[in-house]
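Here's the structure, in structure tokens; my notes come after.
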Amino acid sequence: MCCRACSLTSPWQVGVKPNSELIAEASQHLALAREARRLAGVNDGLNKKMMETETAMASVEAWARGFEEGEVALQRGKEALAKGDRDEAAGHCRVARELLNGGLQSEALRGALQELEQDLNAGFRCIRVSTFSSS
Amino acid sequence: MKQDDVGKAKSEAVRAREELGRAGELKAHSQRLAALEAAASARGQELEWSQRTFEELDSATRSLHLAKVWLVGPTQMC
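So the protein sequences, as listed, match chains A and B. Counting in my numbering, the first sequence runs from 174 upward without gaps. Counting in my numbering, the second sequence runs from 198 upward without gaps.
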């Protein structure tokens, strides 16, 4: 089981639904909750839970935006590396690294960034070796 | 009118007044009961909506949790 909150039988099931769909789902539930709260009258416990959920929603949305930025940076980095533009690739890697160092948690992004940085460093090593060999 | 008849009429008048008083009380109680029933019904509906709100918030929390796991990665979360 993944944890008590999500009761998944195994972590791989997480990938079954894309996060954008999950966020949209949460947003729909939140909209329905707001409607229902309007009819529920005054209830401090409910208001507190509503605020907590709204905060969690904002946090996940911010994470999703950061994740998307990181994905775009890594994709552009890969494309730049494929074109042979290492400086541009390094720039995109830096953007992704800054996002991860700035609080964005994502195993997938971190793994992809490490791969790209390895490719980039391997490329630099090739240049150094070839420069050294030719001189 | 005989003295007995006067006494009987008086006691009937007293009983009638008492019954009238009870009827008035009954009406007031009935109105109060109707008001309480209406309030209970409204409160019951509020509680139902409150329950529905909690359910929707739980569903939202679950979806958000899964989205977080999706973004962060399961080993970091759980």
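Note that beta-carbon positions come from the ideal geometry of N, C-alpha and C, so glycine has one too. The structure displayed is predicted, hence computed values, not measured ones.
- [ ] At 4 residues or longer, and completely inside the segment 208 to 258 of chain B: list those alpha helix (DSSP H) runs for me, N to C.
- [x] none
TODO: Could you list the residues in the segment 211 to 222 of chain A with a C-beta less than 7 Å from some C-beta on chain B, going in chain order?
DONE: Leu-212, Ala-213, Gly-214, Asn-216, Leu-219, Lys-222
Task: Local Cβ density within 10 Å of A:Ala-209, reported as buried at 16 or more and exposed below that - done: To locate residue 209 of chain A, count along the first sequence from 1; it is residue 36. Buried, because 16 or more other Cβ atoms sit within 10 Å of the Cβ of A:Ala-209.
Open item on the list: So, at 7 Å on beta carbons, what are the nonlocal neighbours of A:Asn-192 in its own chain, with the 5 sequence-adjacent residues on each side left out?
Closed with: If you number the first sequence from 1, residue 192 of chain A lands on position 19. If we look at A:Asn-192 and ignore the five residues flanking it on each side, its Cβ neighbours are Ala-237.
- [ ] Answer with yes or no whether the minimum CB distance from A:Glu-280 to chain B is below 9 Å.
- [x] Numbered from 1 along the first sequence, position 107 holds the residue referred to as residue 280 of chain A. Interface residue, yes.
TODO: Give the DSSP-derived three-state secondary structure of A:Asp-260 in the structure shown.
DONE: As a first step, residue 260 of chain A is located in the first sequence; it is residue number 87 there, counting from the start. Note: A:Asp-260 maps to helix in three-state DSSP.
- [ ] Indicate the three-state DSSP secondary structure (helix, strand or coil) for A:Asn-220 in the structure shown.
- [x] Numbered from 1 along the first sequence, position 47 holds the residue referred to as residue 220 of chain A. Three-state DSSP puts A:Asn-220 in a helix.
TODO: Assuming A:Ala-262 contacts A:Gly-243 (C-beta within less than 8 Å), just tell me the rounded distance between them.
DONE: Counted from its first residue, the first sequence places residue 262 of chain A at position 89. Counted from its first residue, the first sequence places residue 243 of chain A at position 70. Not really, about 15 Å apart at Cβ, beyond 8 Å.
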